[in-house]
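Be aware that the sequence shown starts at 1, since it is given in the working numbering, and climbs by one per residue. For glycine and all other residues, C-beta sits at the position ideal for the given N, C-alpha and C. Take a look at the structure set out below.
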Amino acid sequence: MASRSSAQATGLDDWREATRRIILAVVRGVPEAHVEAGLEVTEELRAEYAEGPVQDWKFLFRFCRKLRALHPEIAEPTQAQFEKSVEAFRRMVVRFFSDTDALVAVDWEDPGAVWAEFVRRWQDVRVPEGQGAFEWACKAADEEPVRLKHTPRLEGHRTLTPQLTRLASIAFHLQLYQDTMPILLPIAKVGKAFGKKGERAKNFGRNLVRLLEEMGLIELVDGSYSPQKRKAKEWWFALGSNDLYYAPRTPSKRPPDTLSLSVIHDSHGKQDS
1 MASRSSAQAT
11 GLDDWREATR
21 RIILAVVRGV
31 PEAHVEAGLE
41 VTEELRAEYA
51 EGPVQDWKFL
61 FRFCRKLRAL
71 HPEIAEPTQA
81 QFEKSVEAFR
91 RMVVRFFSDT
101 DALVAVDWED
111 PGAVWAEFVR
121 RWQDVRVPEG
131 QGAFEWACKA
141 ADEEPVRLKH
151 TPRLEGHRTL
161 TPQLTRLASI
171 AFHLQLYQDT
181 MPILLPIAKV
191 GKAFGKKGER
201 AKNFGRNLVR
211 LLEEMGLIEL
221 VDGSYSPQKR
231 KAKEWWFALG
241 SNDLYYAPRT
251 PSKRPPDTLS
261 LSVIHDSHGK
271 QDS
């Protein structure tokens, strides 16, 4: 197990703001949006670090996903475009860990090694941040939501009725176009869809998914979970349970053909469950 990180010792919020100020002062000219992307990924790194050994190359991949969403026109990154951004992210990681030997895949002390890994992971990105299946389903759910029928279980959670209705709508649209394939409900993404961040997003997402299962609207079909193998829990939405909800009156438009709705749609990204 890796040694304790400086972020855990001083508190993440303080670390985040202090790091933002230092990075913007030291790496002059780096876009603030890129700094924010790096900070978000580093917070994810903290959460995974707490669970066990870190596959640190994943975080350069996630950083690339965020930057590719900001710059969809760039197919091949150059140092003139991203050298400062990658250096800023490298400094965040080095500052976060008191011992970079805990990160075994990338030599974070060597800017050249980090740049080489960045270029490789940029080419691996198939779906930029915010353009995956779950994000598409969120938009479809907002445009064409399901309506939950009033049942004793729903009444027992009436303060969460809007949130449960929206999550049911998201799951409905995912299942509709997955057809006979199961769906994913990554708890961190679920929580973020309701405005939560960090560990609060995971906790809120986990609770919402659990309640939706208890209400009978989703069924767990494969509970195995392995971040290392990119394996997430798999669910069915109860499309045939007409006693639980009303489907949208008009059929939803199909997603673009380029959008993958498979259970590995995020490619190398971790699926939190």
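(request) Indicate whether LYS189 and PHE134 have their beta-carbon atoms separated by less than 8 Å. (result) yes
(request) Specify, as a first and last residue, the run of the alpha helix (DSSP H) that VAL119 falls within. (result) 111–124
(message) Give me the DSSP bridge partner(s) of TRP236.
(response) GLU219
(request) With PHE59 as the anchor, note down where its alpha helix (DSSP H) starts and where it stops. (result) 57–70
(request) Could you check if PRO162 is buried or exposed, using at least 16 other CB atoms within 10 Å of its CB as the buried criterion? (result) exposed
(message) Tell me the rounded alpha-carbon separation between ASP124 and ARG91.
(response) 23 Å
(request) Can you tell me which of the three DSSP states ARG147 falls into? (result) strand
(request) For LYS139, collect the residues of the same chain with a Cβ closer than 7 Å to its Cβ; drop the 5 residues on either side in sequence, then sort them by chain order. (result) none
(request) Have a look at the DSSP bridge pairing and note the partners of ILE23. (result) Answer is none; ILE23 lacks a bridge partner.
(message) Quick check: MET215 and LEU154, are their CB atoms within less than 8 Å of each other?
(response) yes
(request) Identify, in the order they occur along the chain, each residue of the same chain with its Cβ nearer than 8 Å to the Cβ of VAL146, setting aside the five sequence neighbours on each side. (result) THR165, ALA168, SER169, PHE172, TYR245, TYR246, ALA247, PRO248
(request) Please classify ILE289: does DSSP put it in a helix, a strand, or coil? (result) In the structure displayed, the chain extends from 1 to 273; residue 289 sits before or after that span and is not available.
(message) Please report the straight-line C-alpha distance between ALA25 and VAL41, rounded to a whole angstrom.
(response) 20 Å
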